[in-house]
Every structure is written in C-alpha cells, then in structure tokens.
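In my numbering, the protein residues as written are 83 to 356.
Glycine residues also receive a C-beta, built at the ideal position from the N, C-alpha and C atoms.
Shown next, in structure tokens, is the structure this report addresses.
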Ligand code: ADP
C-alpha cells in the first residue's frame with residue numbers, strides 16, 4: 083500500500099484551525115509494527131539524520147531546533163532517546179523546561195528559552211518549551227488572561243527572529259488519547275522502573291485534560307508558521323510515533339541541505355600567513 087509522506091501529512095497549515103478530535107492518535111499510515119519495512123525505514127532515516135548532522139556541524143551556518151510538546155506521558159522522553167540516539171553528542175543538546183525557578187520567573191518568559199537555542203551547526207531538542215507559557219500557565223491560571231493571550235504573537239515574533247537568523251524550527255505535538263494516557267500513568271504507579279516518572283501533578287493535569295486540549299488547539303492553530311511549523315504526531319503507538327518523527331526530522335534536514343565546506347585555499351607560494 084502506498085504510504086503518505088509524514089512531513090506534509092501531519093503539518094499544521096499556517097492559519098488553519100486545529101481540532102484535535104479530527105486527528106486519530108492511533109493512526110499508523112498502514113504500517114505494521116515490527117515489520118521489515120518499518121525496521122528498515124526507521125534505520126534508514128536515523129542513518130540519514132546522522133549524516134546530515136555531520137554536514138550541519140561542519141558547515142556551521144544553520145541550526146535546527148526540535149520542540150517536543152505533549153500531554154503528560156505522551157512520550158517526549160522516549161522520542162528523544164529513540165530518534166536522537168545516533169546523533170553525535172558534540173553537535174546536539176537536549177534542554178528540559180520544568181516549573182520556572184524564581185530567577186527565571188524574574189525575567190520575561192522567553193529568557194530561559196533563548197539561552198538554550200542552538201548555535202549554528204548544532205541541533206537542540208526542547209523537552210517542553212516556551213509553549214508551556216500558553217499551556218500549563220493558561221490551564222492552571224498562573225498569570226492573568228491578558229498576559230498569556232499576548233504571548234502567541236510574542237512567540238511568533240521570537241521564532242521568526244530565530245528563523246531569520248539561520249535556525250530552522252520543527253515543533254512536534256505528540257498526540258495521545260485520554261485512554262492511552264491513563265494506561266501509561268497507571269503503569270508509572272505499578273512498575274518500579276517507572277516510579278521515578280510518577281508525579282502527583284500529572285494526576286492533577288490529567289483531570290484538566292479538556293482544558294489542555296483547548297489550550298493546545300489554540301497554540302497549534304496560532305503558532306504554526308511556514309518556517310516554524312507544528313506537526314500533530316499520532317503517538318498512541320510508540321513505534322509509529324518514532325517512525326513519523328524520524329521521517330520529519332530527516333526531511334527537515336534534507337530541506338536545510340547543509341553542505342560540506344570547501345577545502346580552504348592554500349596560502350600562495352611565499353605568501354604570508356594571516
Ligand atoms: P516532565 O513531565 O517534563 O518529564 P516534570 O514531571 O518535572 O517533567 O514536569 C515538568 C512540569 O513543569 C510540568 O508539569 C510542566 O507543565 C511544568 N512547566 C514547564 N514549564 C512551565 C512554565 N513555564 N510554567 C509553569 N509550569 C511549567
């Protein structure tokens with residue numbers, strides 16, 4: 083069966099209105115878990131990502147920022163470990179954004195974010211991001227409405243500035259169903275290897291599911307830009323989520339097309355070194 087191209091299929095068209103109900107979190111694009119086709123495709127995309135990263139690093143002209151957002155237990159950590167596993171750590175960094183510290187709160191909301199954006203030649207992955215300031219902050223009513231409402235434009239301006247300065251931005255919303263989230267949160271309580279991931283805050287947030295859906299829909303609708311698109315990734319099936327994310331990251335790097343730099347000119351015979 084012919085498969086659709088993930089990098090356009092899940093992209094939120096700038097200006098369109100996202101309704102998460104219209105996106106199936108269990109979608110698998112006709113692939114079969116564990117099939118040779120899936121294994122080969124994933125391996126091929128991960129290999130290509132590594133090759134692109136080497137060029138990006140050598141070229142040192144552009145940067146890639148991958149933003150990961152999703153409800154609790156949507157698989158942000160798992161995506162990072164599966165899809166980024168082959169990257170050279172020298173050219174890659176992960177930044178996790180938690181509840182802001184008093185020092186962070188004393189600044190504007192983008193202050194801590196800007197410090198972690200990638201330098202030219204680098205890939206940065208954000209595990210949560212500045213979007214928490216229109217998500218958790220909105221849902222938990224941490225600032226007045228007028229404050230979070232102004233942030234969509236502020237985020238778009240900030241991201242436009244980054245893209246105009248050579249940073250490509252890909253924003254991935256890991257879309258899981260309520261049922262899948264409940265299953266995963268329950269597992270955190272039962273499995274000793276997952277206890278460390280359990281947080282009572284997750285249970286509170288889970289009860290706020292509908293409010294989070296509304297907040298996500300507005301963020302995805304208002305902040306998907308041509309140069310910094312949002313993608314809604316079906317994430318109930320971990321193996322398919324990894325496949326889709328790897329394909330999107332690979333295609334983004336292919337579009338950025340970093341090039342090996344030319345060999346530097348040898349100094350002219352008898353010429354002075356500068
Ligand atoms: P994670 O769930 O990312 O693995 P934690 O369990 O420590 O890590 O959760 C981080 C928490 O920090 C989340 O509840 C998230 O909503 C919250 N958070 C992140 N950024 C902000 C912010 N700017 N304002 C308020 N809460 C935030």
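Residue burial classification, residue i (beta-carbon count within 10 angstroms, cutoff 16)
i: residue 154; result: buried
i: residue 114; result: exposed
i: residue 306; result: buried
i: residue 215; result: buried
i: residue 278; result: exposed
Residue i Cβ short of 7 Å to ligand 1 heavy atom set
i: residue 170; result: no
i: residue 262; result: no
i: residue 210; result: yes
i: residue 180; result: yes
i: residue 295; result: no
i: residue 206; result: no
i: residue 215; result: yes
Whole-number beta carbon distance between residue j and residue i, since they are thought to touch under 8 Å
i: residue 323; j: residue 157; result: 6 Å
i: residue 188; j: residue 198; result: Not a contact, Cβ separation roughly 18 Å.
i: residue 212; j: residue 251; result: So it is not a contact: roughly 11 Å between Cβ atoms.
Rounded straight-line distance, which links the Cα of residue j to that of residue i
i: residue 93; j: residue 239; result: 20 Å
i: residue 291; j: residue 259; result: 10 Å
i: residue 246; j: residue 275; result: 43 Å
i: residue 149; j: residue 210; result: 7 Å
i: residue 128; j: residue 136; result: 13 Å
i: residue 285; j: residue 272; result: 14 Å
Segment limits, alpha helix (DSSP H) that includes residue i
i: residue 207; result: Where residue 207 is concerned, there is no enclosing alpha helix (DSSP H), although the beta strand (DSSP E) it sits in stretches over 205-209.
i: residue 282; result: 282-289
Terminal residues of the beta strand (DSSP E) in which residue i lies
i: residue 174; result: 174-178
i: residue 393; result: Limits of the chain in this structure are 83 at one end and 356 at the other, which puts residue 393 out of reach.
i: residue 255; result: 249-257
i: residue 278; result: Looking at the DSSP string, residue 278 is not in any beta strand (DSSP E), and its letter there is neither H nor E.
i: residue 314; result: 312-316
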